[in-house]
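As structure tokens, the structure follows; a few thoughts come after it.
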Amino acid sequence: MAQVNSPKLVFFAQSTLLEGPTFSKDLNTVLCVSIEQERIFLINPSEQTVKTFKTRGQVGFAVFEDDRHIIYAAYEGVFRLDILTGEETFLYHLINDPQIRYNDGKWDPKGRLLLGTTGYKCFKENQCALYSHDGKSAKVLVSGTSISNGIGFYKNYLFFIDTPTRKVGRYLYNENGDVTFDKYIVTIEGSGVPDGMDIDDQGNLYIAIWGGSRIEKYNQNGQKIGTLAIPALNVTSVCIAGNKLYITTAMHDDGTSSEPMAGGLFVADKF
Numbered sequence: 001m002a003q004v005n006s007p008k009l010v011f012f013a014q015s016t017l018l019e020g021p022t023f024s025k026d027l028n029t030v031l032c033v034s035i036e037q038e039r040i041f042l043i044n045p046s047e048q049t050v051k052t053f054k055t056r057g058q059v060g061f062a063v064f065e066d067d068r069h070i071i072y073a074a075y076e077g078v079f080r081l082d083i084l085t086g087e088e089t090f091l092y093h094l095i096n097d098p099q100i101r102y103n104d105g106k107w108d109p110k111g112r113l114l115l116g117t118t119g120y121k122c123f124k125e126n127q128c129a130l131y132s133h134d135g136k137s138a139k140v141l142v143s144g145t146s147i148s149n150g151i152g153f154y155k156n157y158l159f160f161i162d163t164p165t166r167k168v169g170r171y172l173y174n175e176n177g178d179v180t181f182d183k184y185i186v187t188i189e190g191s192g193v194p195d196g197m198d199i200d201d202q203g204n205l206y207i208a209i210w211g212g213s214r215i216e217k218y219n220q221n222g223q224k225i226g227t228l229a230i231p232a233l234n235v236t237s238v239c240i241a242g243n244k245l246y247i248t249t250a251m252h253d254d255g256t257s258s259e260p261m262a263g264g265l266f267v268a269d270k271f
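Under this note's numbering, residues 1 to 271 are what the sequence shown spells out, in order.
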């Protein structure tokens, strides 16, 4: 398996649940969210600057819409945020149950926004979903989920993680954004469960292992071909930025300080 360099801390967010890194090459900026602190961070690693925005309740994810705007999904709904002025615009809200919130999200190759859900301060077993919104209307892609997490695309497939299953599902994904379940391509063994995920141009899956202190890499045959140790038990997500990986982590559930960098954003060489 691949051997890699040790990850380095980029930004210590002191977050109980730092999540959802995504990278803008144009801005040279990493976007991520602190779910429970209701914060969005824009981090420029080369300039060592951080810009922070408060969200409308717990925030599941944020994504770049263009160089000036981001879309974020929080407890009160989905909003567009102007990162220059701080002005917000409410877009829509897909959730009717006050015990459910948005979790992971990502653009598809056609510009539709996929939004996963999970329980809000409780576990909602098989009561959540993965949605798709095309800017006008929404539809359910995968129903009966519990903790909707990692989302990725490769060729004509959608890859999706419902964390308690410990599996990565592969779905046929057509031009209209409709899905048909194909198979489970990966099952996580050992400590921890799968959380966030990204996929590179060769179809390799990089999966964050919550409770496992690592990133695992799999090929399209479902074979594990690399592991990266992270100095935090709860590894929440990962994104690819050229030849780098940006990795988010969360503090210990018990609030201990045995991992002084947990709750921070890390960078490592892509492996």
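No residue lacks a Cβ here, since even glycine has one placed at the ideal position from N, Cα and C.
- Counting other Cβ atoms within 10 Å of its Cβ, residue 68 stays below 16 and is therefore classed as exposed.
- Between residue 258 and residue 248, the beta carbon gap of about 19 angstroms keeps them out of contact (Cβ cut-off 8 angstroms).
- For the 9 angstroms CB-CB criterion, residue 177 and residue 141 form a contact.
- Burial state of residue 229 is exposed, judged by a 10 Å Cβ sphere holding fewer than 16 other Cβ atoms.
- Residue pairing by DSSP places residue 212 in no beta bridge whatsoever.
- Contact between the stretch 147 to 156 and the stretch 93 to 100 is absent: fewer than three C-beta pairs spanning the two stretches fall below 8 angstroms.
- When the five nearest sequence neighbours on each side are left out, the beta carbons in the same chain lying within less than 8 angstroms of the beta carbon of residue 126 are those of 144, 145, 146, in order along the chain.
- Straight-line measurement puts the Cα of residue 71 at about 13 angstroms from the Cα of residue 93.
- Residue 55 carries a coil assignment under DSSP once its states are collapsed to helix, strand and coil.
- When 270, 224, 201, 235 are compared, the shortest CA-CA separation from residue 16 is found for 235.
- Between residue 251 and residue 231, the gap from beta carbon to beta carbon reaches 9 angstroms or more.
- For the pair residue 13 and residue 184, the Cα-to-Cα distance works out to about 34 angstroms.
- Inclusion of residue 218 and residue 209 in the CB contact set at 9 angstroms is not warranted, their separation being larger than that value.
- Counting only runs of 3 or more residues that sit fully inside the stretch 86 to 151, the beta strand (DSSP E) segments are 88 to 92, 100 to 107, 113 to 119, 128 to 133, 138 to 145, in chain order.
- Scanning its chain for C-beta atoms nearer than 8 angstroms, with the 5 sequence neighbours on each side dropped, one finds around residue 107 the residues 63, 113, 114, in chain order.
- Here the stretch 33 to 40 lies against the stretch 18 to 25, with 3 or more beta-carbon pairs under 8 angstroms apart.
- Residue 30 and residue 242 have their C-alpha atoms spaced approximately 12 angstroms apart.
- With contacts defined by Cβ atoms closer than 9 angstroms, residue 76 and residue 57 form a contacting pair.
- The alpha-carbon separation between residue 267 and residue 182 amounts to approximately 33 angstroms.
- Looking only at 179, 216, 205, 134, the smallest Cα-Cα distance to residue 156 is reached by 179.
- Judged by beta-carbon spacing, residue 23 lies within the 9 angstroms limit of residue 246, meaning their Cβ atoms are closer than that value.
- For residue 123, the closest alpha carbon among the candidates 86, 163, 132, 139 is that of 163.
- With a beta-carbon spacing of about 6 angstroms, residue 166 and residue 193 fall inside the 8 angstroms limit used to define contacts.
- Per the DSSP secondary-structure output, residue 16 pairs with nothing in a beta bridge.
- The continuous beta strand (DSSP E) containing residue 80 extends over residues 77 to 82.
- Your pair residue 199 and residue 159 checks out as a contact, with CB atoms roughly 6 angstroms apart and the cut at 8 angstroms.
- Take the alpha-carbon of residue 25 and the one of residue 60: they are about 22 angstroms apart.
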